[in-house]
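Colleague: First the structure, which I've put down as structure tokens, then a few questions once you've had a look.
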Amino acid sequence: MSLLVTGSIALDTVETPLGRADESLGGSAVYFALAASLFTEVRIAGVVGEDFDMSLLEPLQAKRIDTRGVEVRAGSKTFRWHGRYAGAMNEAETVDVQLNVLAERGATIPQAFRDSRIVFLANTHPTLQREFAGQLSAADLIVCDTMNLWIENEPEELRKTLGAVHGLVLNEGEARLLTDKTNLVTAGREILKMGPRFVIIKKGEHGSLLVSQDDLFIMPPYPTEKVVDPTGCGDSFAGGTLGYLAATGAPASRDSLRSAMARGSVVGSLVLESFSVEALSRVTPADVEARLAELREMSRFE
Ligand code: AMP
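Position in the sequence shown (from 1) plus 329 gives the number in the numbering used here.
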């Protein structure tokens, strides 16, 4: 099933206790696309400024990701994010964000992408997310992500977007902020009332939680000791999840979502091992299978 991701394509500056990387390739759509490409063909749509070095997209092209939806906008600057992680590195502190091109109109989805059946509206302004969704009438499944910035600054726009999607993926802090509920199961149920049929709450090193009309499921993380830079982990989790769903062609049912989240969990764990997209670009389907087998064994009990 055709899979499209829309979202940010960024130049990220990241600081972690293990080092720092300046203006390297990042962005929600980039991480998602690379992760999903382990399972299926992926299309990416997003906008960069004229300062963007297009050779940075070579790792995506090497994975046969269709980049015809990447628009280079004359006169605009690429989105930049500067984040810092400390301690257990579960959540980034945003040091600086320059929306630049993200504060303008969104990308036009190329005609060749309009028949996409599964769509991930990766993190970007909720109004842009809704504009994308409006151009994608062939989609059976639209899932979005969001973040604190939009929950706090654009609550009404975000509510409208949540009314237009089938699924939401967000982290635990965001789920609490969005619903004003501390308990994550309660928060998940509150989010279902806002529109989505399912919500996946990511809990960093503690895995993830699926809340839907017919399921409540906990997915353990693949426990890794090598945590260099968690940036993109959440987007890669979503990429692994929806990439697997698209590859199997299964509807987003109770069982298929569970299987898909296992793939998301494993891919997320592989991203942590380097700055930027370096580790993710090197991962093979065999690496994913090996970790899946280990994860099954580590979480099996009678
Ligand atoms: P995560 O998977 O949650 O770690 O997302 C990391 C990516 O989100 C980084 O590569 C950033 O470029 C991107 N990002 C951070 N803030 C925003 C924002 N406000 N809008 C869109 N993308 C963002």
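We treat Cβ as the ideally placed atom computed from N, Cα and C, and that holds for glycine.
#1: Quick one: Cα of V376 to Cα of L389, how far?
#2: Would you call the CB atoms of G378 and F408 closer than 9 Å?
#3: By Cβ distance below 7 Å, which residues in the same chain neighbour I354 in space, the five residues on each side in sequence not counted?
#4: Answer with buried or exposed for G572, where buried requires no fewer than 16 other C-beta atoms within 10 angstroms of its C-beta.
#5: Counting C-beta neighbours from all protein chains within 10 Å, is the total for F630 16 or more, i.e. buried, or is it exposed?
#6: Quick check on this structure: which residue in V472, W479, E486, R443 has the alpha carbon closest to the alpha carbon of L465?
#7: Within 10 Å of its beta-carbon, does E554 have 16 or more other beta-carbons around it, so buried, or fewer, so exposed?
#8: What are the uninterrupted segments assigned as beta strand (DSSP E) that are 3 or more residues long and contained completely in the segment 365-430, given in chain order?
#9: Flag this pair as yes or no: are the beta carbons of D395 and A441 separated by less than 9 Å?
#10: If you draw a straight line from the C-alpha of R611 to the C-alpha of N452, how long is it?
#11: Hey, K406 and L363 are a contact pair by Cβ (cut 8 Å); roughly how many whole angstroms apart?
#12: Return the residue from the list L478, A415, S603 that minimises the CA-CA distance to L507.
#13: For T335, is the classification buried or exposed, using 16 other Cβ atoms within 10 angstroms of its Cβ as the cut-off for buried?
#14: What does M548 pair with, by DSSP beta-bridge criteria?
#15: So, under 8 Å CB-CB, V494 and A462 are touching, yes? Tell me the CB distance rounded to an integer number of Å.
#16: Helix, strand or coil for N452? Go by DSSP, reduced to three states.
#17: To the nearest angstrom, report how far apart E387 and K531 are at their CA atoms.
#18: Identify whether D564 lies in helix, strand or coil by the three-state DSSP scheme.
#19: Could you pull out every residue in the same chain whose Cβ sits closer than 8 Å to the Cβ of L521, ignoring the five residues on either side in sequence?
#20: Return the Cβ separation of F566 and S537 in integer angstroms, given the expectation that the two are a contact with Cβ distance under 8 Å.
#21: Would you identify the three-state DSSP class for N482, choosing helix, strand or coil?
#22: Could you say which of A579, S331, E352 lies nearest to K339 if we only look at CA atoms?
#23: Leaving out five residues before and five after P580 in sequence, what residues of the same chain have Cβ atoms less than 8 Å from its Cβ?
#24: May I ask which residues mark the beginning and end of the beta strand (DSSP E) holding T515?
#25: Which of the three DSSP states, helix, strand or coil, is assigned to S353?
#26: Using 9 Å as the threshold, is the C-beta distance between L332 and S445 below it?
#27: Under the three-state reduction of DSSP, which class applies to T508: helix, strand or coil?
#28: If you draw a straight line from the alpha carbon of T515 to that of D380, how long is it in whole angstroms?
Modeller: The short version:
#1: Within the sequence shown, numbered from 1, the residue matching residue 376 stands at position 47. Within the sequence shown, numbered from 1, the residue matching residue 389 stands at position 60. So the alpha carbons of these two residues sit roughly 15 Å apart.
#2: Translated into the one-based positions of the sequence shown, residue 378 becomes position 49. Translated into the one-based positions of the sequence shown, residue 408 becomes position 79. Yes, the Cβ-Cβ distance between G378 and F408 is below 9 Å.
#3: Position 25 of the sequence shown holds residue 354. Reading off the sequence, residue 354 comes out as Leu, not Ile. L385, S605, V606, listed in sequence order.
#4: As a working note, residue 572 is residue 243 in the sequence shown. G572 comes out buried.
#5: Counted from its first residue, the sequence shown places residue 630 at position 301. So F630 ends up on the exposed side.
#6: Against the sequence shown, residue 465 aligns to sequence position 136. Checked all of V472, W479, E486, R443; the closest Cα to L465 is R443.
#7: Locating residue 554 in the sequence shown gives position 225, counting from the first residue. Looking at its Cβ environment, which holds fewer than 16 other Cβ atoms inside 10 Å, E554 is exposed.
#8: 371-378, 395-402, 408-413, 422-427
#9: Reading the sequence shown from its first residue, position 66 is the one you call residue 395. Reading the sequence shown from its first residue, position 112 is the one you call residue 441. The answer is yes: Cβ separation under 9 Å.
#10: Sequence index remark: in the sequence shown, residue 611 carries index 282 (1-based). Sequence index remark: in the sequence shown, residue 452 carries index 123 (1-based). For R611 and N452, the distance between alpha carbons rounds to 24 Å.
#11: Mapped onto the sequence shown, residue 406 falls at position 77. Mapped onto the sequence shown, residue 363 falls at position 34. Actually they do not touch by this definition, with Cβ atoms about 23 Å apart.
#12: Taking the first residue of the sequence shown as 1, we reach residue 507 at position 178. The shortest C-alpha separation from L507 is found at L478.
#13: In the sequence shown, counting from the first residue as 1, residue 335 sits at position 6. The residue in question, T335, is buried, as its Cβ has 16 or more Cβ neighbours within 10 Å.
#14: By one-based count along the sequence shown, residue 548 stands at place 219. Paired residue(s): S537.
#15: Here the question's residue 494 lines up with position 165 in the sequence shown. Here the question's residue 462 lines up with position 133 in the sequence shown. Between A462 and V494 the Cβ distance is about 7 Å, and since that is below 8 Å, they are a contact.
#16: For the purposes of this step, residue 452 is identified with residue 123 of the sequence shown, where counting begins at 1. Coil, per DSSP.
#17: As a position in the sequence shown, residue 387 is number 58, starting the count at 1. As a position in the sequence shown, residue 531 is number 202, starting the count at 1. So the alpha carbons of these two residues sit roughly 29 Å apart.
#18: Working through the sequence shown from its first residue, we reach residue 564 at position 235. Note: D564 maps to helix in three-state DSSP.
#19: Your numbering for residue 521 matches position 192 in the sequence shown. Contacts found: F527, V528, V540, S541, Q542.
#20: Position 237 of the sequence shown, counted from the start, is the residue given in the question as residue 566. Position 208 of the sequence shown, counted from the start, is the residue given in the question as residue 537. About 7 Å separates the two Cβ atoms, so the contact holds.
#21: Along the sequence shown, one-based indexing puts residue 482 at 153. Residue state, collapsed to three classes: helix.
#22: Translated into the one-based positions of the sequence shown, residue 339 becomes position 10. The sequence as given places Ala at residue 339; Lys does not occur at that position. Ranking the options by Cα distance to A339, first place goes to E352.
#23: Sequence index remark: in the sequence shown, residue 580 carries index 251 (1-based). D469, L470, listed in sequence order.
#24: Translated into positions along the sequence shown, residue 515 becomes position 186. Here T515 belongs to no beta strand (DSSP E); instead the alpha helix (DSSP H) covers 513-522.
#25: Counting from one through the sequence shown, the residue named residue 353 turns up at place 24. In the structure shown, S353 sits in a strand (DSSP, three-state: E or B).
#26: As a working mapping, residue 332 is identified with position 3 in the sequence shown. As a working mapping, residue 445 is identified with position 116 in the sequence shown. Cβ atoms of L332 and S445: closer than 9 Å.
#27: For the purposes of this step, residue 508 is identified with residue 179 of the sequence shown, where counting begins at 1. If DSSP states are grouped into helix, strand and coil, T508 belongs with the helices.
#28: Counting from one through the sequence shown, the residue named residue 515 turns up at place 186. Counting from one through the sequence shown, the residue named residue 380 turns up at place 51. When rounded, the distance between both Cα atoms is 44 Å.
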